[in-house]
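This report concerns only the one structure given below.
Numbering (our numbering), first residue to last: 5 to 496.
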């Protein structure tokens, strides 16, 4: 491409960056590109970018000069210090009103800091944009979750709306809210993704270890599931995975892969935020913990030689019914996982004053991203019925699904437990539901314990006020209204 002013620029030509650039060019935009390693830029320019509206640059000065005003520079580098380093190099070259866009998986608090500092000190706009869909999504249309000032969104919207995935004529890119809103939404998306993947893995474990189903049949089961309410990207690729044969051994590829999962940190960030917000995300928590324990492969191998092993009973029930029970348990647990994720988004929205639109979030997750699924249409409809819905389980559609699946949900979890199959996410989801549906929990005893050892006080069911009991004073404990600041003896 001959030198001219480009619509947008992108820094960082790893696979995601390259594919986003090719996506932009395919949608009619001219793109300037820069990579710290010049050889990477040269190779891209000579191969994939050849003949396209892509202008390769060899320095940041040349890169900025290639952009039309107000300049729009997107960064696709590793989160953390590398993002700050690129920003510091860009600042002297930009003018007030220009836009820097971070498309990596940055921690939302870093994005809040960058938005504040760049706007206040330099007059620059900063957008933290979640990008989901992996390499294929970046090339063909990702789900985009931009957060920043409304003015910055209006500057990038014509490009971002067009390069995003399209579902039913709607772009999978909408403005999320101020400062770190976009990256927070992406973080929770990734947490939900952790939950979805673990729930699918646990479904696989029950079918394989209880019913002894082999990969070829598993492929057919998951392909069939993908035709109904579980229709999703992750179920689809799971069916494809079971069909793949290892050319070296002739075995199903899934059977020769080491059972040691990795993670990049967004799941843990989600847990930390949930703890801070006092929101229960037990399904996601179980999924993160499952990855952690899987990573201790040698420790598990060693312990398997020491710890007592269960000799599971032979399954004598109806095979078809258990397969259906697992499917229903997967769907019910998935609903719980999304309900927890959306509640976390709601709590963060209130604390950070983002005014998140949950219908918009579900809408842009329908295409391009890893958790894309037909199921998300039901979530969009739920928020259309009630935009202030606190918990998805309380929507009439999801209440009816839980009512229909509850018994089989328990059958699947019970079968797993009886056969010694670990299903932490299934169990956590079911326990959350059982806790959330009960008007009274055993926490009355917990409060009594806290008051016994630490004088933490309690409330009563039959009269208002805060009370403390002298539990050891006599055989019949004396109760009295607590002081405004009860003495703290020990514990907690």
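Quick reminder that beta carbons are idealized off the backbone N, C-alpha and C, glycines included. From a predicted model like this one, the values you see are computed outputs, not experimental measurements.
Can you grab the Cα-Cα spacing for the pair residue 185 / residue 465, in whole Å?
40 Å
Can you check DSSP and say which residues form a bridge with residue 205?
DSSP lists no partner for residue 205.
Quick check on residue 3: buried or exposed, where buried means 16 or more other Cβ atoms within 10 Å of its Cβ?
Nothing in the structure corresponds to residue 3, since the chain is present only between 5 and 496.
Comparing alpha-carbon positions, which option in 386, 335, 26 and 318 lies nearest residue 346?
386
Hey, out of 343, 457 and 159, whose CA is closest to residue 362's CA?
343
Alpha-carbon to alpha-carbon, residue 203 and residue 455
39 Å
Proximal residues to residue 364 (C-beta, below 7 Å), its chain only, five neighbours per side dropped
178
Test: residue 257 CB closer than 8 Å to a CB of chain B:
The chain inventory of the structure shown lacks chain B, comprising one protein chain alone.
When you compare the CB positions of residue 350 and residue 285, do they come within less than 8 Å of one another, or not?
no
Select from 44, 339 and 443 the residue whose C-alpha is nearest the C-alpha of residue 404.
339
Nearest-angstrom Cα distance between residue 392 and residue 369?
19 Å
What number of angstroms, rounded off, separates the C-alpha of residue 33 from the C-alpha of residue 10?
8 Å
Short of 6 Å in beta carbon distance, which residues of its chain neighbour residue 83, apart from the five on each side in sequence? Order them along the chain.
108, 109 and 110
For residue 46: DSSP bridge partner residues
Beta-bridge pairing links residue 46 to no other residue.
Rounded C-beta distance between residue 130 and residue 101? I'm assuming under 8 Å.
12 Å between Cβ atoms; not a contact.
Could you tell me which residues DSSP pairs with residue 10 in its beta bridges?
71
Where residue 191 falls: helix, strand or coil (DSSP):
helix
If I follow the unbroken beta strand (DSSP E) through residue 106, where does it start and stop?
103-106
Residue range of the beta strand (DSSP E) that includes residue 81
Run containing residue 81: none; DSSP gives neither H nor E here.
The region 208-224 contacting the region 322-342, beta-carbon criterion three pairs below 8 Å:
yes
First and last residue of the uninterrupted beta strand (DSSP E) at residue 59:
58-60
Use the C-beta contact count for residue 6: other C-beta atoms within 10 angstroms, 16 or more gives buried, fewer gives exposed.
Annotation note: pLDDT 49 at residue 6 (below 50); position unreliable, no value reported.
Does DSSP put residue 342 in a helix, in a strand, or in coil?
helix
So, helix, strand or coil for residue 35, using DSSP?
strand
When DSSP builds the beta bridges, which residues end up paired with residue 484?
472
What are the partner residues of residue 177, as DSSP defines its beta bridges?
148
When DSSP labels each residue in this structure, what does residue 161 get in the three-state scheme?
helix
For residue 143, the nearest candidate out of 395, 390, 439 and 25 (CA to CA):
25
Using alpha carbons as the reference points, say which of 336, 46, 54 and 359 lies closest to residue 29.
54
So is the beta-carbon of residue 463 under 7 Å away from any non-hydrogen atom of the ligand MN?
This structure lacks the ligand MN, and indeed carries no ligand of any kind.
Would you identify the three-state DSSP class for residue 130, choosing helix, strand or coil?
strand
Could you tell me the alpha carbon to alpha carbon distance between residue 493 and residue 468, rounded to whole angstroms?
Any reading at residue 493 must be qualified, since the residue scores a pLDDT of 48, below 50, and its modelled position is unreliable; no value is offered.
Who are the Cβ neighbours of residue 164 in its own chain at under 7 Å, not counting the five residues just before and after it?
148, 150 and 177
Beta bridge counterpart(s) of residue 256 as assigned by DSSP
249
DSSP has residue 462 in a bridge; who is on the other side?
471
DSSP state of residue 493 mapped onto helix, strand, coil
Reliability of the predicted coordinates at residue 493 is poor, the pLDDT of 48 falling under 50, and the value obtained from them is presented with this limitation in mind. In the structure shown, residue 493 sits in coil (DSSP, three-state: anything other than H, G, I, E or B).
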